[in-house]
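2 protein chains.
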Amino acid sequence: MSDTIWPAGMDFAAALAATAKLTDDSLDKLIPVPPDLEARVFEAMRYAVLAPGKRLRPFLVLASAQLFSVATRSALQVACAIEMVHAYSLVHDDLPAMDNSDLRRGRPTCHKAFDDATAVLAGDGLLTMAFEVLAQPDTHGDPGVRCELVATLAQAAGAPGMVGGQMFDLLAEHRADLDIGAITRLQRMKTGALIAFSCEAGAILGKASQEQRLALRGYAHDLGLAFQIADDLLDVEGDTGVTGKPVGQDAAAGKTTFVSILGVERARAQAALLVTQAVAHLEPFEAKADLLRAAARFVVDRQT
Amino acid sequence: MSDTIWPAGMDFAAALAATAKLTDDSLDKLIPVPPDLEARVFEAMRYAVLAPGKRLRPFLVLASAQLFSVATRSALQVACAIEMVHAYSLVHDDLPAMDNSDLRRGRPTCHKAFDDATAVLAGDGLLTMAFEVLAQPDTHGDPGVRCELVATLAQAAGAPGMVGGQMFDLLAEHRADLDIGAITRLQRMKTGALIAFSCEAGAILGKASQEQRLALRGYAHDLGLAFQIADDLLDVEGDTGVTGKPVGQDAAAGKTTFVSILGVERARAQAALLVTQAVAHLEPFEAKADLLRAAARFVVDRQT
Numbered sequence: 000m001s002d003t004i005w006p007a008g009m010d011f012a013a014a015l016a017a018t019a020k021l022t023d024d025s026l027d028k029l030i031p032v033p034p035d036l037e038a039r040v041f042e043a044m045r046y047a048v049l050a051p052g053k054r055l056r057p058f059l060v061l062a063s064a065q066l067f068s069v070a071t072r073s074a075l076q077v078a079c080a081i082e083m084v085h086a087y088s089l090v091h092d093d094l095p096a097m098d099n100s101d102l103r104r105g106r107p108t109c110h111k112a113f114d115d116a117t118a119v120l121a122g123d124g125l126l127t128m129a130f131e132v133l134a135q136p137d138t139h140g141d142p143g144v145r146c147e148l149v150a151t152l153a154q155a156a157g158a159p160g161m162v163g164g165q166m167f168d169l170l171a172e173h174r175a176d177l178d179i180g181a182i183t184r185l186q187r188m189k190t191g192a193l194i195a196f197s198c199e200a201g202a203i204l205g206k207a208s209q210e211q212r213l214a215l216r217g218y219a220h221d222l223g224l225a226f227q228i229a230d231d232l233l234d235v236e237g238d239t240g241v242t243g244k245p246v247g248q249d250a251a252a253g254k255t256t257f258v259s260i261l262g263v264e265r266a267r268a269q270a271a272l273l274v275t276q277a278v279a280h281l282e283p284f285e286a287k288a289d290l291l292r293a294a295a296r297f298v299v300d301r302q303t
Numbered sequence: 000m001s002d003t004i005w006p007a008g009m010d011f012a013a014a015l016a017a018t019a020k021l022t023d024d025s026l027d028k029l030i031p032v033p034p035d036l037e038a039r040v041f042e043a044m045r046y047a048v049l050a051p052g053k054r055l056r057p058f059l060v061l062a063s064a065q066l067f068s069v070a071t072r073s074a075l076q077v078a079c080a081i082e083m084v085h086a087y088s089l090v091h092d093d094l095p096a097m098d099n100s101d102l103r104r105g106r107p108t109c110h111k112a113f114d115d116a117t118a119v120l121a122g123d124g125l126l127t128m129a130f131e132v133l134a135q136p137d138t139h140g141d142p143g144v145r146c147e148l149v150a151t152l153a154q155a156a157g158a159p160g161m162v163g164g165q166m167f168d169l170l171a172e173h174r175a176d177l178d179i180g181a182i183t184r185l186q187r188m189k190t191g192a193l194i195a196f197s198c199e200a201g202a203i204l205g206k207a208s209q210e211q212r213l214a215l216r217g218y219a220h221d222l223g224l225a226f227q228i229a230d231d232l233l234d235v236e237g238d239t240g241v242t243g244k245p246v247g248q249d250a251a252a253g254k255t256t257f258v259s260i261l262g263v264e265r266a267r268a269q270a271a272l273l274v275t276q277a278v279a280h281l282e283p284f285e286a287k288a289d290l291l292r293a294a295a296r297f298v299v300d301r302q303t
């Protein structure tokens, strides 16, 4: 595999599509199905993680890794680990005990296609495998870098991050008194932490300076919030035929979101402001960060 | 903390009790409850992992680490990580979607004490934190050792090990055609893999020779099967007042177990044979392995 992830001048849409292909090929190899009775859990893991998707997080890993000339193979390993964690979180969030969703990315959710027990186990299996992939020598020649990836992902995905954010979100449904500060904190944990790790992973792999790492973290923080506001807007204004999920779910559930607090117009303006801020963080990287700039614009313009 | 885990000549029961105290103190420090709304998931994690228990796996880590004069702090970090994984697996296995158990270690199960969603998240949080703990510099000065611990635990706990074993077990409930070979394989995955990792972890921490590592793996393999047969026997002959869980569950569910295939007498003889085999593997370690020998006898003699 060449160490140029994308040819010079490739536009964002083409780079995103190329990332999805590379990531899915790697995931396919990382999760073979054994010939035994437990094959069912591997099939459910594959169903969840290979479901059609934008692969935005893998893209962020590859694009941030490219800033530091990281080997493609290293970046892809991390991209696969993050996509496994993302897929696991969707499988568990969709369970009847949690959000009870039947449809995801236009297909039956994992527990609908299999069953609840298999979905719990498939999520557990994907989460566990993500750490195995990060710890493998293929991910980086320096085990210190691999340990830093494991510890940083665990913080982003665990109770101090994504898992805590989901807990917060479930409790928030019963509280109408949440203000914009609380919702911002909730979303930083629930979706922001994994997006931030996707960007920071490139800096960890590339042994970037503390300054470069902070710049990427700043970019990712703004990007993550813009992403969530765009999600809330899609729930109000989206088209089920395009998004692949029902519209108006948040309002029907009486959920406090950026849109319910700010209204559509101010929410849209806030998302645009966050994109401008995100892009400003990338200045030190000059033209090399053009694809990350395009990603920030994509995040608020997307229809799915 | 002293680097002698247990004073010379301490007997097994005292060493097991001392391990439980050390492990619980460490777990208590590793999982502080934050002051925010997501505190609930941390409380559920603590409820699950600090529930009264034998702490057999932590004991196996400390006892195997002691063979190679590993620092107590290192061994305790790994012991905590394994206990987190063990607790997570119980929380998810007890869910209504899985075994639907209300009682565990004499107390309401996690989803009964909290709710199903919180239990799913608490399990996810414990599993994730286990890998964070292993990757921390506190666990070992050599990041290569830490990566090996992460990768080996992930294999033992994930779909090729414990998660696959649980999938296998759920599917096996509907099949009466399983023979002793299939049940042995199921139990090696479901309970044996984590017990084997507990013993192997000491060797990894101590950078033991391949020969020493294989000896410990052999010990752990036999110990794990003996442990499971003893568990099956307790389900037939145990006392709910002592075990803290209902008796006769396996038979009521029509489950194929070592006891249903072999009968009580032959199962008991097989467990005794496995203990003899387990102890034989420890010969190279001479008197230093006496506590591991006692653990093997304990595993089949225990009443809970």
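Chains as they are written, first to last, in numbering that gives the first Met the number 0: chain A, 0 to 303; chain B, 0 to 303. Glycine is no exception: its CB is placed at the ideal position from the N, C-alpha and C atoms.
Simplified DSSP assignment, three categories, for residue i
| i | result |
| --- | --- |
| L102/B | strand |
| D289/A | helix |
| P107/A | strand |
| A7/A | coil |
| I30/A | coil |
| P57/B | helix |
| L204/B | helix |
| E199/A | helix |
| P95/A | coil |
| K254/A | coil |
| V246/B | coil |
| E42/A | helix |
| G237/B | coil |
| P136/A | helix |
| F113/B | coil |
| M0/B | Because M0/B carries a pLDDT of 39, less than 50, the predicted location of this residue cannot be relied on, and the following value inherits that uncertainty. Three-state DSSP puts M0/B in coil, outside helix and strand. |
| Q302/B | coil |
| H220/B | helix |
| R174/A | coil |
| F67/A | coil |
| D141/A | coil |
| P283/A | helix |
| A74/A | helix |
| A50/B | coil |
Residue j beta carbon less than 9 Å from that of residue i
| i | j | result |
| --- | --- | --- |
| L177/A | T255/A | yes |
| L49/B | L15/B | no |
| A62/B | A294/B | yes |
| L193/A | A155/A | yes |
| G223/A | T190/A | yes |
| L261/B | Q269/B | yes |
| T59/A | A219/A | Per the sequence presented here, residue 59/A reads as Leu, with Thr not at that position. Taking 9 Å as the Cβ cut-off, L59/A and A219/A qualify as a contacting pair. |
| V235/B | A250/B | yes |
| H91/A | D123/B | yes |
| V119/B | L94/B | yes |
| T18/B | P51/B | no |
| L232/A | V263/A | yes |
| L204/A | H139/A | yes |
| V298/A | L55/A | yes |
| S100/B | Q165/B | no |
| L21/A | T71/A | yes |
Cβ separation of residue i and residue j, assumed to be a contact under 8 Å, to the nearest whole Å
| i | j | result |
| --- | --- | --- |
| A158/B | A225/B | In fact, because the Cβ distance is near 25 Å, the residues do not count as touching under 8 Å. |
| L36/B | F167/A | 5 Å |
| V40/A | G163/B | 6 Å |
| L323/B | D230/B | A question about residue 323/B goes unanswered here, because the residues of chain B that appear run from 0 up to 303. |
| A310/B | I228/B | Past the edges of chain B, shown from 0 to 303, lies residue 310/B, and the structure says nothing about it. |
| M97/B | A116/A | 5 Å |
| A86/B | A47/B | 5 Å |
| L290/A | F11/A | 6 Å |
| R145/B | C146/A | 5 Å |
| G237/A | V246/A | 5 Å |
Meets three-Cβ-pair contact criterion under 8 Å: the region 180-200 of chain B and the region 77-84 of chain B: yes
Indicate whether the contact test is met: 3 or more Cβ pairs, each with one atom in the region 141-156 of chain A and one in the region 130-140 of chain B, closer than 8 Å. Remark: three or more beta-carbon pairs, one from each stretch, lie closer than 8 Å, so the region 141-156 of chain A and the region 130-140 of chain B are flagged as touching.
Cβ contact (3+ pairs, closer than 8 Å) linking the region 168-183 of chain A and the region 122-129 of chain B: no
Tell me whether the region 65-72 of chain B and the region 201-221 of chain B touch, counting them as touching only if at least three CB pairs, one residue from each stretch, are closer than 8 Å. With a cut-off of 8 Å, the region 201-221 of chain B and the region 65-72 of chain B count as touching, because enough Cβ pairs lie within range.
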